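>
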Amino acid sequence: MAASSQSDGRKRVVIEGVAPAVDAGRFPIKRTLGEKVVVEADAFVDGHDQLACVLCYRKAATETWTEVAMRPLGNDRWSGEFAVDELGRYGYTVTAWVDHFRTWCAELKKRTKAEDIASALMIGAELIEAAAARANEPPDAAELHRYAKALRTAGDPLTRRSQALDPALAQLMAQSPDRMFATTYERELMVVVDVAHARFSTWYELFPRSCVQEPGTHGSLRSCAERLPYIAAMGFDVLYLPPIHPIGTTARKGRNNTLNASAEDPGSPWAIGSEAGGHKAVHPQLGTLEDFRHLVRRAREQGLEVALDIAFQCSPDHPYVKQAPQWFRWRPDGTVQYAENPPKKYQDIYPFNFESEDWQGLWDELEDVFLFWIEQGVRIFRVDNPHTKPFPFWEWLITHVKAQHPEVIFLAEAFTRPKVMHRLAKLGFTQSYTYFTWRNNKWELMEYFTELTQTPSREYFRPNLWPNTPDILNEYLQVGGRPAFMTRLVLAATLGANYGIYGPAFELCEARPREPGSEEYLDSEKYEIRAWELERPDSLAHFITRVNQIRRENPALQQDWSLRFHPVDNEALVCYSKHCDALDNVILVVVNVDPHHTQAGWVELPLEALQLLPEHPYQVHDLLSDARYLWQGARNYVELDPHSAPAHIFRVRRHVRTEHDFDYFM
1 MAASSQSDGR KRVVIEGVAP AVDAGRFPIK RTLGEKVVVE ADAFVDGHDQ
51 LACVLCYRKA ATETWTEVAM RPLGNDRWSG EFAVDELGRY GYTVTAWVDH
101 FRTWCAELKK RTKAEDIASA LMIGAELIEA AAARANEPPD AAELHRYAKA
151 LRTAGDPLTR RSQALDPALA QLMAQSPDRM FATTYERELM VVVDVAHARF
201 STWYELFPRS CVQEPGTHGS LRSCAERLPY IAAMGFDVLY LPPIHPIGTT
251 ARKGRNNTLN ASAEDPGSPW AIGSEAGGHK AVHPQLGTLE DFRHLVRRAR
301 EQGLEVALDI AFQCSPDHPY VKQAPQWFRW RPDGTVQYAE NPPKKYQDIY
351 PFNFESEDWQ GLWDELEDVF LFWIEQGVRI FRVDNPHTKP FPFWEWLITH
401 VKAQHPEVIF LAEAFTRPKV MHRLAKLGFT QSYTYFTWRN NKWELMEYFT
451 ELTQTPSREY FRPNLWPNTP DILNEYLQVG GRPAFMTRLV LAATLGANYG
501 IYGPAFELCE ARPREPGSEE YLDSEKYEIR AWELERPDSL AHFITRVNQI
551 RRENPALQQD WSLRFHPVDN EALVCYSKHC DALDNVILVV VNVDPHHTQA
601 GWVELPLEAL QLLPEHPYQV HDLLSDARYL WQGARNYVEL DPHSAPAHIF
651 RVRRHVRTEH DFDYFM
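The opening residue of the sequence shown carries number 1 in my numbering; numbering runs sequentially from there.
(1) Tell me which same chain residues have a C-beta within less than 6 Å of the C-beta of L158, skipping the five on either side of it?
(2) Just list the residues that DSSP pairs M190 with in beta bridges.
(3) Tell me where the beta strand (DSSP E) around Q632 begins and ends.
(4) Compare the C-beta of E451 against all C-beta atoms of chain D and say whether one is closer than 8 Å.
(5) Just to confirm my understanding: we take G9, look at its own chain, exclude 5 residues before and 5 after, and list those with CB closer than 8 Å. What are they?
(6) For E290, count neighbouring Cβ atoms within 10 angstroms of its own Cβ and tell me buried if that reaches 16, exposed if not.
(7) Closest to K344 by C-alpha separation, out of D309, R329, L259, would be which residue?
(8) Quick one: give me the first and last residue of the beta strand (DSSP E) that V38 is part of.
(9) So within the segment 191-276, which uninterrupted beta strand (DSSP E) runs reach at least 3 residues, ignoring any that extend past its ends?
(10) Is it the case that the Cβ atoms of A16 and G91 are separated by a distance below 8 Å?
(11) Rounded to whole angstroms, how far is the Cβ of R298 from the Cβ of A225, which I believe are closer than 8 Å?
(12) Do H100 and D178 have their C-beta atoms closer together than 8 Å?
(13) In terms of residue numbering, what span does the beta strand (DSSP E) encompassing C53 cover?
(14) Would you kindly check if the distance between the Cβ of N464 and the Cβ of Y499 is under 8 Å?
(15) Is M70 near L55, with beta carbons less than 8 Å apart?
(16) Quick one, which of R255, D622, E305, P138 has its alpha-carbon nearest L522's?
(17) According to the neighbour-count rule (16 or more other Cβ atoms, all chains shown, within 10 Å of its Cβ), is M122 buried or exposed?
(18) Compare the beta carbon distance of Y618 and R651 with 8 Å and say whether it is the shorter of the two.
(19) So which of L477, E515, H566, Y527 has the shortest CA-CA distance to F506?
(20) Which residues bound the alpha helix (DSSP H) around G480?
(21) For the pair the segment 527-537 and the segment 559-569, tell me if three or more CB-CB distances fall below 8 Å.
(22) Can you have a look at Q431 and say buried or exposed, based on whether 16 or more other CB atoms are within 10 angstroms of its CB?
(23) Name the residue from D156, G287, T434, A154 whose alpha carbon lies nearest to the alpha carbon of A414.
(24) Is I349 helix, strand or coil when you go by DSSP?
(25) Just tell me which of A511, R462, V98 has its CA closest to the CA of E475.
(26) Would you mind reading off the limits of the beta strand (DSSP E) that contains W561?
(27) How many angstroms separate the CA atom of A645 from the CA atom of A276?
(28) Is it the case that the segment 545-552 contacts the segment 455-473, given that we only count it when at least three CB pairs across the two stretches are under 8 Å?
(29) Could you give the first and the last residue of the continuous alpha helix (DSSP H) run that contains E143?
(30) For Q611 and D581, I'd like the C-alpha separation in whole angstroms.
(31) Rounded to whole angstroms, how far is the Cβ of P208 from the Cβ of I247, which I believe are closer than 8 Å?
(32) May I ask you to verify whether the segment 267-285 touches the segment 582-589, counting CB pairs closer than 8 Å and requiring at least 3?
(33) Could you give the DSSP three-state label for I380: helix, strand or coil?
(34) Once the 5 residues before and after Q302 are set aside, which same chain residues still bring their CB inside 7 Å of it?
(35) For D594, does the count of other Cβ atoms within 10 angstroms reach 16, so buried, or fall short, so exposed?
(36) The alpha helix (DSSP H) with P671 in it runs from where to where?
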């Protein structure tokens, strides 16, 4: 639908303030399959004429538009909605026009004198005859002619006025409107529709080379496949692997990021490329491409999708360095510039030069990396440091890939400045890492997650929450002990519909920093193989399993936008709720963010918003402990000992009384 030209002065309707729209429509909004797009717009006209307003939408690959009538909200604001049931892109816009028949009806209702009514009926008959000429169906045209004739027939004007105001006539007229001077919003807005995994997913990261039973051995993709039942049993649905490609030997880093590696040091998986191949190859000690495809198949049998880390950088030994030297920055001394982020130096990594004269060749090759792994069965990619590559590249690449494979998910690992993170999300990244890792106090959590879920940025920025990563062991986990890990897990899993952990470091509460003040792990798995003792009695695996089961069983936790915080008279306690649209699944979470001490306070709930009656008790069922409490009224007492249970995850059950005076909670 082409936007209407404003050169015709008879097009009087103004349309503005259309929402949702990202940067006035420069970028698309995001939804997942089955979700609704609720559109609002201001539509108004000079004078007192009545308007008709429709929401128009279409699948981007088609030219046929579907229209949905919009309803007035008051103050010239209109609302309509449509559901998205196909992957890919949809376009949507708004069209409005002066509805002369509705305007005429509104004026007719005000007329009381017989001669005024009779004169007005003649005008109405002309409007109806014109609609009959526009009608697509002969029966409709015939019925409209009948109404027009009735209005012109001599007789009691009041009786004829009642016929003119017949709702059946209004419906017929709405089906054949006069849209000659309709106004269409000046641009077509877009929505990208992703798979459900984009909205709700539970990630587990591990290093395949550490899938070993005995220290001193090297794990493989096959031994990683043997770890799948353990991961699936905890309730994860995405297995995320760091880069699995050949690792360079030149300037290889040793244990704890030392510059002098021994012959036994495996190197960093992010130093990609050797004589064994580059970004389209598998590290020989991990196995073969067939081993990787075997892992993908076995994972799907366990209900897991494999996510692959894509890091666009090279070791000095990568084949690209010889095959395409123009893709790198060369220093005056004839060497390639390695990566630096002062004071950090990455001598084992060469960044690409995106300002190369052969930039298009570089773009094409990097797109082919994604397409290659899609051919191997990968549908989810975690992209390493996308903020260090040009924005136009990502918009081009993601648009190209999703045009062919709309089911693919891109997660942006960009811990950087807010505007940069948001730009990447606008450009097409399906999900985004967040600052959650460093938001530990009550006020920080409330402020940040209100921003993520209640501001316009939610239309394009889908958060994926990680309490730890191989790069980040924050101070809260270092000093808080086991309660800190439990607290951060509950927060990540209930504040966000998408979350992940780096394991087994997380469930085994790995909390040793490399040195005081550092967020790097001591004996980091980035630089050495770790043989994890998964069956340790202090493992959080059972706790994680229960939390993930709660997520799967409660739709309220499978989306973000209903999140609301509630007052608690203790700054160490944070309280919030999520619910489904029909309020048939309400989850209330209370978390003690002090990992050292018992904290207590009074929670205050918005009873009306949760459809709870102040005079009736209601049950809060703790899904972690299975304990049930009977609450009444807005204020209720909670107490949490972090060493036993740092959080409540309540299912709120309303009081119901049957006709036989039988009480229960639902």
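Don't be surprised by glycine CBs; every beta carbon is placed ideally from N, CA and C. Here the structure is a predicted model, which is why all the values come from computation and not from measurement.
With the given structure in hand:
(1) none
(2) G91
(3) 628-632
(4) The structure shown contains no chain D; it is built from a single protein chain.
(5) none
(6) exposed
(7) L259
(8) 36-44
(9) 201-205, 238-241
(10) It is worth fixing the name first, because residue 16 is Glu in this sequence and not Ala. It is not a contact, given that the beta carbons lie outside the stated cut-off.
(11) 5 Å
(12) yes
(13) 51-59
(14) yes
(15) yes
(16) R255
(17) exposed
(18) no
(19) L477
(20) 475-495
(21) no
(22) buried
(23) T434
(24) coil
(25) A511
(26) Counting along the chain, W561 falls outside any beta strand (DSSP E), and DSSP gives it neither H nor E.
(27) 50 Å
(28) no
(29) 138-152
(30) 12 Å
(31) Actually they are not in contact, since the Cβ atoms of P208 and I247 sit about 13 Å apart, beyond 8 Å.
(32) no
(33) strand
(34) L228, P229, A232
(35) buried
(36) Since the displayed the chain opens at 1 and closes at 666, residue 671 lies outside it and no answer follows.
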